[in-house]
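Position one of the sequence shown corresponds to residue 17 (my numbering), numbered consecutively onward. Cβ atoms here follow ideal geometry from the backbone N, Cα and C, with glycine treated the same way.
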Amino acid sequence: MKKEKNTPLRMCIVTRSMKPKKELTRVVKTQDGQFIIDTTGKASGRGAYITNTKEVLEKCTKTKALNRAFKGNVPQNVYDMLKSTIEVGLNIE
17 MKKEKNTPLR MCIVTRSMKP KKELTRVVKT QDGQFIIDTT GKASGRGAYI
67 TNTKEVLEKC TKTKALNRAF KGNVPQNVYD MLKSTIEVGL NIE
């Protein structure tokens with residue numbers, strides 16, 4: 017008997033839907049208050065996941081979903097970094 021591997025599921029902060037970790041991008045607030053886009057999924061700190069689609073990204077920026085997730089003000093450059101990371105991943109031009 018072969019065991020099936022569990023696919024880790026995470027919730028998107030914008031759509032509130034559970035998706036496999038590979039379909040999401042993680043934003044992390046580190047201990048010293050810096051924000052990074054975590055491409056490895058292993059950075060330490062408070063994390064929030066966003067679905068890798070242009071529509072969800074636009075809604076995230078419009079509603080300031082990261083501000084709610086991190087319970088504080090998230091600088092605009094974090095949204096810009098997130099946008100460029102997702103666009104590179106999707107090859108959007």
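Proximal residues to residue i (C-beta, below 7 Å), its chain only, five neighbours per side dropped
i: T31; result: T67, V72
i: I108; result: With a pLDDT of 49 at I108, under the threshold of 50, the modelled position of that residue is not reliable, and the figure given next carries that caveat. Result list for I108: K70, in chain order.
Supposed contact pair residue j and residue i - C-beta distance, whole angstroms, cut 8 Å
i: L82; j: V44; result: Contact doesn't hold; Cβ gap of about 11 Å is too wide.
Distance CB(residue i)-CB(residue j) smaller than 7 Å
i: A85; j: A64; result: yes
i: R26; j: K37; result: yes
i: I53; j: L98; result: yes
i: G104; j: F51; result: As written in the sequence, residue 104 is Val, which differs from the Gly given in the question. Their beta carbons are not under 7 Å apart, which means V104 does not touch F51 by this criterion.
i: I102; j: T55; result: no
Cut-off 6 Å between Cβ atoms - residues of its own chain near residue i, not counting five sequence neighbours on either side
i: R62; result: K45
Reduced DSSP category for residue i - H, G, I as helix; E, B as strand; rest coil
i: D96; result: helix
i: I108; result: Annotation note: pLDDT 49 at I108 (below 50); position unreliable, coordinate value reported separately. Looking at I108 - three-state DSSP - the assignment turns out to be coil, as it is neither helix nor strand.
N- and C-terminal bounds of the alpha helix (DSSP H) containing residue i
i: R62; result: Unbroken run through R62 is the beta strand (DSSP E), 62-67; no alpha helix (DSSP H).
i: T41; result: T41 -> not in any alpha helix (DSSP H); beta strand (DSSP E) instead, spanning 40-45.
Extent of the continuous beta strand (DSSP E) run through residue i
i: K21; result: Note, K21: premise wrong, no beta strand (DSSP E); not H, not E.
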